[in-house]
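Participant: The sequence shown maps to residues 756 to 873 in the working numbering. Here a beta-carbon is modelled for each residue, glycine too, at the ideal position from N, C-alpha and C.
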Amino acid sequence: MTNCPPRSSPDCAGICNGSSLLDCAGECYNPVYNLPPHVHDCALECHDIDTIPPHFLNSLGQCISNDDVCPPSPSPRPRKRSDEMTICQRPIHLWVLLILLIAMAFLVFINEKNNKKL
Numbered sequence: 756m757t758n759c760p761p762r763s764s765p766d767c768a769g770i771c772n773g774s775s776l777l778d779c780a781g782e783c784y785n786p787v788y789n790l791p792p793h794v795h796d797c798a799l800e801c802h803d804i805d806t807i808p809p810h811f812l813n814s815l816g817q818c819i820s821n822d823d824v825c826p827p828s829p830s831p832r833p834r835k836r837s838d839e840m841t842i843c844q845r846p847i848h849l850w851v852l853l854i855l856l857i858a859m860a861f862l863v864f865i866n867e868k869n870n871k872k873l
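(1) Using the DSSP secondary-structure output, state which residues sit across from Ile819 in a beta bridge.
(2) Any idea what DSSP makes of Asp796, helix, strand or coil?
(3) Considering Asp803, what are the terminal residues of the beta strand (DSSP E) in which it resides?
(4) By the three-class DSSP mapping on this structure, what secondary structure does Leu776 have?
(5) Suppose you measure from the CA of Tyr784 to the CA of Ser820; what does that come to, to the nearest Å?
Put into structure tokens, the structure is as follows:
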């Protein structure tokens, strides 16, 4: 359970002061980790997150601006770039794959050259 200061209770994502967001279906999102696909503006109209309005409702039903959505204090450990990448996306593996591809092309070239001599 989140310990919040007096007169402040945790919202649906356990954040004090209600900076988490609800999507239009009522699902709770912690904006530090991910954003909902849709949000309600202060007039209760649903908007796609790509066209997010300047003011929208937080999980406590308060009208807030984009600037008010910030990480809770204390913030979680920063994510490393490697946390977001799969093994195939890491640069070292791309270089290894490129080298293997070049080696295979070279072997095919040598094989074709030897076949022409026969």
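Facilitator: Checking against the coordinates, here is how it stands:
(1) Beta-bridge partners assigned by DSSP to Ile819: Phe811.
(2) strand
(3) Cys801 to Asp803
(4) In the structure shown, the three-state DSSP call for Leu776 is strand.
(5) The alpha-carbon atoms of Tyr784 and Ser820 are separated by roughly 16 Å.
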